[in-house]
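Chains as they are written, first to last, in the working numbering: chain A, 149 to 369; chain B, 121 to 181; chain C, 37 to 279.
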């Protein structure tokens with residue numbers, strides 16, 4: 149447990165040293181959200197209609213952008229080899245790094261989501277479900293994204309490759325997150341969609357670290 | 121014959137669909153066979169060089 | 037080392053050489069019969085008219101798209117669990133073929149959709165799922181080719197294939213869910229009324245024909261890779277012997 153927390157702690161300390169990285173993720177999120185009204189016009193009904201979708205896609209893209217550096221720094225400076233040889237199983241190392249990634253990417257996005265809700269004039273109950281849906285979705289995005297990041301270590305054009313690998317896998321999360329918010333805004337219950345998001349997270353938690361660790365081992369041979 | 125080709129007015133969709141299928145499937149087959157020929161030639165060349173190399177080595181020894 | 041694993045591919049190649057004429061012949065028979073029945077014998081649809089004939093290439097293509105991906109997943113599992121050297125090559129050879137079938141499913145689906153719904157693309161559940169499957173294939177091929185070390189590429193792609201395969205039912209379910217939530221007023225039914233046996237036979241024959249095509253091409257492509265690997269092995273051995 150201590151080793152697990154140590155990995156998280158180290159990643160968090162490194163991330164906080166580069167505070168701009170976290171800020172960049174949030175800024176990209178808000179900027180992307182701001183682009184759409186400029187693109188489609190300020191008509192309130194249209195914006196209300198696309199708000200959940202835009203929020204989810206912007207969050208998804210912001211997470212995508214930050215995936216490449218999940219393992220890259222440790223891979224390049226040799227620290228990943230040390231972690232692979234350490235007592236803590238590589239699967240748990242991967243899980244710890246994902247936890248740190250979510251704390252510096254997903255969590256800030258959840259906190260920043262009200263800004264987008266403001267820009268789109270989303271009603272309060274919609275915002276509540278948006279926060280809940282993002283809180284359930286973003287850890288899965290980090291988990292699945294970690295597999296993509298691990299697979300592309302040392303690849304040519306790894307940065308461009310990650311979205312191609314990971315976006316098809318993100319489709320269910322995107323659909324359920326947006327459907328949850330849409331349902332709430334339509335006066336129906338968001339529960340089924342939120343439960344589906346929780347199910348995906350419950351499924352991803354044990355299995356994606358295994359895949360990520362397998363990919364990391366391949367990168368290290 | 122005309123009626124068959126026209127396919128009740130949908131001919132412009134049906135025939136391209138079948139043609140595209142044929143194109144893709146035949147195209148893959150041609151490309152795969154070409155790769156096979158190339159691999160066979162390369163291997164034949166390498167294997168032809170082998171007794172040549174052995175003779176040279178024996179001569180050097 | 038990768039080199040000597042492929043150095044003696046004898047048994048597979050002998051099997052492939054013996055099986056090829058049969059799979060080729062079966063392919064020609066099935067496709068010939070399927071095309072004849074589908075284009076000349078089967079009746080037009082009550083609602084869709086003649087355009088329903090596109091189904092005889094569209095549906096088998098979609099089936100093959102999924103069938104080949106399943107094969108890739110099985111080969112990937114064999115590669116990762118048992119480290120069978122041929123499994124890697126089966127996955128590598130299958131991916132472009134599967135992508136081709138997926139593309140055909142999309143393109144013929146589009147050509148079927150235009151006379152039916154008046155647009156080239158419809159976001160119905162099936163086409164959308166196939167589109168996502170297409171991207172899964174492209175990712176698989178891209179990852180396999182993204183490394184200078186070919187073996188690393190094949191192994192990474194194997195992991196990706198398994199992760200993708202587990203996700204395929206989830207993706208299908210989510211797209212169905214999404215589609216029913218946004219169901220347009222008219223119900224889009226891609227295969228028309230219940231399949232009559234006069235329509236079922238050409239469908240099955242085409243699917244079988246496509247399968248034999250895939251197996252034939254698989255033999256050819258894996259054989260290519262094995263021969264090329266053997267040639268490379270000889271070349272490296274020669275270089276190491278100092279010539």
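The beta-carbon is built from N, C-alpha and C at its ideal position, and this holds for glycine as well.
Can the beta-carbon of residue 320/A be found closer than 8 Å to that of residue 206/C?
yes
Can you confirm whether residue 290/A, when its beta carbon is compared against all beta carbons of chain C, has any partner nearer than 8 Å?
no
Terminal residues of the alpha helix (DSSP H) in which residue 83/C lies
Counting along the chain, residue 83/C falls outside any alpha helix (DSSP H), and DSSP gives it neither H nor E.
Where does residue 282/C land, buried or exposed, given buried means 16+ other C-beta within 10 angstroms?
As displayed, chain C neither begins before 37 nor continues past 279, which places residue 282/C out of reach and without an answer.
Count the other CB atoms, across all protein chains shown, that sit within 10 Å of the CB of residue 258/A; report buried if there are 16 or more and exposed otherwise.
buried
Per DSSP, what kind of secondary structure is residue 268/A in: helix, strand or coil?
coil
Just the Cα atoms here: how many angstroms apart are residue 131/C and residue 253/C?
12 Å
Of all the CB atoms in chain C, is at least one closer than 8 Å to the CB of residue 201/A?
no
Could you check if residue 117/C is buried or exposed, using at least 16 other CB atoms within 10 Å of its CB as the buried criterion?
exposed
Closer than 7 Å by beta-carbon distance: list the chain B residues that pair up with residue 259/C, in chain order.
156
For the alpha helix (DSSP H) that residue 187/A lies in, which residues bound it at each end?
167-188
Leaving out the 5 sequence neighbours to the left and right, which residues in its chain are closer than 6 Å to residue 179/C when beta-carbon positions are compared?
192, 193 and 196
Just the chain B side, please: which residues come within less than 8 Å of residue 148/C by C-beta, in chain order?
133 and 137
To the nearest angstrom, report how far apart residue 121/B and residue 76/C are at their CA atoms.
12 Å
Complete runs of the alpha helix (DSSP H) confined to the segment 156-191 of chain C [at least 4 residues]
161-180
Reduced DSSP category for residue 236/A - H, G, I as helix; E, B as strand; rest coil
coil
How do the segment 154-164 of chain B and the segment 256-273 of chain C stand: do at least 3 beta-carbon pairs fall below 8 Å, yes or no?
yes
Any beta carbon of chain C sitting closer than 8 Å to that of residue 154/A?
no
Chain-ordered residues of the segment 131-156 of chain C with a beta carbon less than 8 Å from chain B:
132, 133, 136, 139, 140, 143, 144, 147, 148, 150 and 151
Below 7 Å CB to CB, which residues in the same chain sit around residue 256/A once its five sequence neighbours on both sides are set aside?
170, 173 and 174
Which residue's Cα is closest to the Cα of residue 368/A: 292/A, 225/A, 154/A and 338/A?
225/A
Contact residues within the segment 77-93 of chain C, judged by C-beta distance below 8 Å to chain B
80, 85, 86, 87, 89, 90 and 93
For a test of the three-state rule: what should DSSP assign to residue 349/A, helix, strand or coil?
helix
Specify, as a first and last residue, the run of the alpha helix (DSSP H) that residue 120/C falls within.
Run containing residue 120/C: none; DSSP gives neither H nor E here.
Less than 8 Å between CB atoms is the rule here; does residue 98/C satisfy it with respect to chain D?
The structure shown contains no chain D; the protein chains it does contain are A, B and C.
Taking one C-beta from the segment 187-205 of chain A and one from the segment 327-339 of chain A each time, how about it: are there three or more such pairs within less than 8 Å?
yes
Where in the segment 262-326 of chain A do unbroken runs of the alpha helix (DSSP H), each at least 4 residues long, occur, reported from the N-terminal end onward?
272-299
First and last residue of the uninterrupted alpha helix (DSSP H) at residue 203/A:
192-215
Would residue 224/C count as contacting chain B if we go by Cβ distances under 8 Å?
Caution applies to residue 224/C, whose pLDDT of 47 falls short of 50 and renders its modelled position unreliable; the value that the coordinates give is listed next. So no, residue 224/C is outside the interface.
List, in order along the chain, the chain C residues whose C-beta lies closer than 8 Å to that of residue 125/B?
Ordered by position in chain C, no residue passes the 8 Å Cβ test against residue 125/B, which lies about 11 Å from the chain.
Do we get a CB-CB distance below 8 Å when we pair residue 299/A with the residues of chain C?
yes
Under DSSP, the alpha helix (DSSP H) around residue 53/C begins and ends at which residues?
46-72
Could you list which residues in chain A have their beta carbon closer than 8 Å to that of residue 214/C, in chain order?
323 and 327
Among 266/C, 133/C, 271/C and 241/C, the one whose alpha carbon lies nearest that of residue 46/C
266/C
In chain B, which residues lie less than 9 Å from residue 101/C when you measure between Cβ atoms?
Those do not exist, as residue 101/C stays about 12 Å from chain B at its closest Cβ, beyond 9 Å.
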